[in-house]
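Residue numbers (our numbering): 347 to 767.
Notes follow the structure.
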Ligand code: FES
Ligand SMILES: [Fe+2]
């Protein structure tokens with residue numbers, strides 16, 4: 347349970363808020379490069395700001411204030427030109443740094459353009475994804491997390507807008523009790539509803555042998571965030587890291603939970619697939635959009651609930667736009683969530699005291715390839731356990747234009763309609 351003040355502190359992300367200031371220290375994914383190939387100008391809502399992302403006709407990326415300085419037209423309607431983006435209304439031209447370069451209807455010798463500059467932010471592409479940085483300059487390095495820079499890899503990237511606050515999405519990382527219930531019992535019920543009992547999974551923690559999750563799992567802060575551990579007879583085994591502040595890492599995936607504003611989160615699904623050595627590199631990273639798991643009336647869309655990703659998206663919305671944490675009742679099974687909140691408090695304090703929070707990377711040597719445990723940097727169980735690959739044909743991943751091809755490539759055509767386990 348939190349006080350109302352602390353719940354506000356953790357969930358408000360707009361300019362000038364403490365959490366907004368903390369989040370601004372990190373690079374956030376905002377679009378796919380392949381989206382810009384389709385349309386080089388896109389509206390972006392990020393950390394409570396309305397911005398426009400564009401690629402000009404010289405290939406430069408810009409991320410600037412979403413409205414023209416002249417009479418406040420939305421620049422998503424702008425025209426990309428060799429030197430920047432031109433407003434469609436009266437033709438003011440802006441550089442990728444937001445500097446006004448031309449005002450066609452002012453006198454030829456006017457100094458007015460030099461005095462008009464829109465807010466602009468750093469933006470960079472990596473692994474087919476465009477990342478933005480809204481924090482203090484100089485910007486830190488864009489982290490080269492392992493899945494972004496490994497070779498012989500094909501990738502795709504999916505986007506889903508969640509009508510809820512970012513924190514309830516991220517807290518789910520430290521909540522393994524939901525694996526058994528949401529992704530076990532509820533999942534099997536959802537599969538029954540859509541006539542796919544063949545996809546149902548056996549219980550993870552069956553009656554008779556049942557142990558509460560707090561006795562099977564543990565959590566600890568490590569240098570990238572919080573590690574979820576399984577307790578085994580041989581000690582703790584790393585299971586799944588939650589990378590501070592808003593990334594989940596799981597086998598061949600990263601999931602980013604990007605705060606668009608206090609009540610909207612951009613969920614970014616980044617997936618890697620093994621390629622055989624010698625296969626031609628992927629020409630561009632395809633993108634897909636994931637529909638919501640609940641309809642406009644707030645009811646489940648069962649066809650989107652056939653795997654973990656869709657089920658998670660449902661449950662985040664089922665907690666409301668912003669969880670009222672003054673009313674929650676936490677138990678032993680929630681120790682991971684409490685640990686994460688403690689880490690948030692600590693990192694918020696560091697920023698408020700003028701320091702740099704964790705995972706802000708400035709050393710190029712450290713940034714060559716940042717390994718995320720339990721990966722060891724050289725081998726990944728690429729498509730190894732069936733679940734990791736086969737779940738691509740269900741849930742949010744089924745909207746990817748390449749997921750079925752990858753399953754067919756590694757498992758054969760028959761696998762496409764077969765059971766997940
Ligand atoms: S409103 Fe943009 S140029 Fe006039
Ligand atoms: Fe989940």
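Where a beta carbon is used, it is the ideal one built from N, C-alpha and C, also for glycine.
Note that this is a predicted model, so its numbers are computed, not measured.
Using three-state DSSP, classify residue i as helix, strand or coil.
i, result
"residue 357", "helix"
"residue 362", "coil"
"residue 639", "coil"
"residue 377", "strand"
"residue 410", "strand"
"residue 435", "coil"
"residue 584", "strand"
"residue 630", "coil"
"residue 498", "coil"
"residue 491", "strand"
"residue 570", "coil"
"residue 605", "strand"
"residue 506", "strand"
"residue 796", "Coverage of the chain is limited to positions 347 through 767, which leaves residue 796 absent and any answer about it impossible."
"residue 745", "helix"
"residue 455", "coil"
"residue 652", "coil"
Return yes when the Cβ of residue j is within less than 9 Å of the Cβ of residue i, no when it is not.
i, j, result
"residue 600", "residue 689", "no"
"residue 470", "residue 407", "yes"
"residue 433", "residue 421", "yes"
"residue 637", "residue 650", "yes"
"residue 753", "residue 618", "no"
"residue 745", "residue 592", "no"
"residue 305", "residue 655", "As shown, the chain starts at 347 and ends at 767. That puts residue 305 outside it, with no answer to give."
"residue 388", "residue 381", "yes"
"residue 675", "residue 365", "no"
"residue 631", "residue 376", "no"
"residue 707", "residue 486", "yes"
"residue 616", "residue 473", "yes"
"residue 395", "residue 480", "yes"
"residue 705", "residue 590", "yes"
"residue 760", "residue 521", "no"
How long is the line joining the alpha carbons of residue i and residue j, rounded to whole angstroms?
i, j, result
"residue 614", "residue 552", "33 Å"
"residue 368", "residue 351", "17 Å"
"residue 671", "residue 662", "14 Å"
"residue 657", "residue 625", "35 Å"
"residue 766", "residue 511", "Confidence is the limiting factor: at residue 766 the pLDDT is only 47, short of 50, which leaves the residue's position unreliable, though a coordinate-based value still follows. If I take the Cα positions, the gap works out to 31 Å."
"residue 519", "residue 417", "44 Å"
"residue 692", "residue 685", "11 Å"
"residue 645", "residue 405", "43 Å"
"residue 545", "residue 641", "23 Å"
"residue 355", "residue 539", "40 Å"
"residue 532", "residue 575", "24 Å"
"residue 647", "residue 535", "13 Å"
"residue 507", "residue 537", "24 Å"
"residue 497", "residue 627", "9 Å"
If distances are taken between C-alpha atoms only, which option among the options comes closest to residue i?
i, options, result
"residue 467", "458, 490 and 398", "398"
"residue 478", "592, 392, 745 and 583", "392"
"residue 449", "442, 630 and 437", "437"
"residue 441", "453, 411, 550 and 506", "411"
"residue 430", "423, 443, 419 and 418", "443"
"residue 458", "415, 385 and 550", "415"
"residue 584", "506, 564, 669 and 490", "564"
"residue 461", "453, 452, 445 and 455", "445"
"residue 476", "484, 409 and 526", "409"
"residue 659", "360, 515, 465 and 455", "515"
"residue 383", "598, 609 and 629", "629"
"residue 596", "718, 736 and 748", "718"
"residue 610", "357, 598 and 526", "357"
If we count the other Cβ atoms within 10 Å of its Cβ and call it buried at 16 or more, is residue i buried or exposed?
i, result
"residue 401", "buried"
"residue 580", "exposed"
"residue 715", "exposed"
"residue 517", "buried"
"residue 504", "buried"
"residue 682", "buried"
Distance cutoff 9 Å, beta carbons only. Does residue i sit that close to anything in chain B?
i, result
"residue 700", "Of the protein chains in the structure, only one exists, and it is not chain B."
Does the Cβ of residue i lie closer than 8 Å to at least one heavy atom of ligand 3?
i, result
"residue 419", "What this structure holds is ligand 1 and ligand 2, not ligand 3."
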